[in-house]
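Residue numbers (the working numbering): 56 to 200.
Ideal Cβ positions, reconstructed from N, Cα and C, are used throughout, including at glycine.
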Amino acid sequence: MLMKISSKGRYGLAVLSSMAKHEGVGKIVTVVSISERLEISKIYLEQVFALLKRGGFVTSVKGSGGGYYLAKQPNDITVYDILSAVESGMFEKTEATVAKSDEALEKSVNDNVYAVLDNAVKEVLSGISLEDIVNKSGEGYMYYL
């Protein structure tokens with residue numbers, strides 16, 4: 056099974072990981088410099104930064120020396136936190152499939168499959184911080200879910 060994460064989710068993880076690795080907390084970085092470093096469209100990154108700002112992961116600074124900086128320590132930001140803020144439908148409640156025709160079956164599937172899967176994904180992703188990603192970058196590690 057492969058969990059699909061949208062490009063916004065993937066870019067959100069990449070941006071925050073890059074900021075944690077290269078700038079750290081409190082050092083301002085521009086969208087242009089991140090765009091060039093990661094080879095991601097500036098226009099698209101602006102949308103991602105808006106979601107990251109709304110999630111409280113970055114703070115913006117206006118003006119000629121403006122940009123964004125990490126608002127939290129990398130060990131206080133988990134992959135689950137980031138994806139929850141950036142992904143629009145990944146962590147939504149599962150819609151009913153057969154509730155009208157077989158309510159007991161629907162409850163059983165939800166309790167024994169979807170709830171278990173949701174909890175497992177949340178537990179794994181909550182256990183991976185930006186600090187973990189930065190510390191393991193360059194070591195050839197890959198997380199499998």
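Residue from the options whose Cα sits closest to the Cα of residue i
i, options, result
"Gly64", "Gly122, Ala126 and Glu142", "Glu142"
"Leu107", "Asn165, Ala140 and Leu180", "Ala140"
"Val176", "Tyr135, Ala105 and Glu161", "Tyr135"
"Ala126", "Ile183, Gly111 and Gly118", "Gly111"
"Ser184", "Ser72, Tyr66 and Ile60", "Ser72"
"Ser192", "Ala159, Ser61 and His77", "His77"
Whether residue i touches residue j by CB criterion (8 Å)
i, j, result
"Ile132", "Leu68", "no"
"Glu178", "Pro129", "no"
"Ile83", "Tyr124", "yes"
"Leu100", "Ser90", "yes"
"Val103", "Tyr66", "yes"
Three-state class that DSSP yields for residue i in the structure shown
i, result
"Gly67", "helix"
"Ser163", "helix"
"Ser90", "helix"
"Ser61", "coil"
"Ser73", "helix"
"Ser119", "coil"
"Asn190", "helix"
"Thr152", "coil"
Burial state of residue i (16 or more Cβ within 10 Å)
i, result
"Val86", "buried"
"Val70", "buried"
"Ala75", "buried"
"Val116", "exposed"
"Ile98", "exposed"
"Leu180", "buried"
"Tyr198", "Any answer about Tyr198 is weak, because its pLDDT of 48 lies below 50 and its placement is not dependable; what the coordinates show is given next. Tyr198 should be labelled exposed."
DSSP beta-bridge partners of residue i
i, result
"Gly133", "With the sequence shown as reference, residue 133 is identified as Thr, and Gly is not the correct amino acid for it. Ser184."
"Tyr124", "Thr114"
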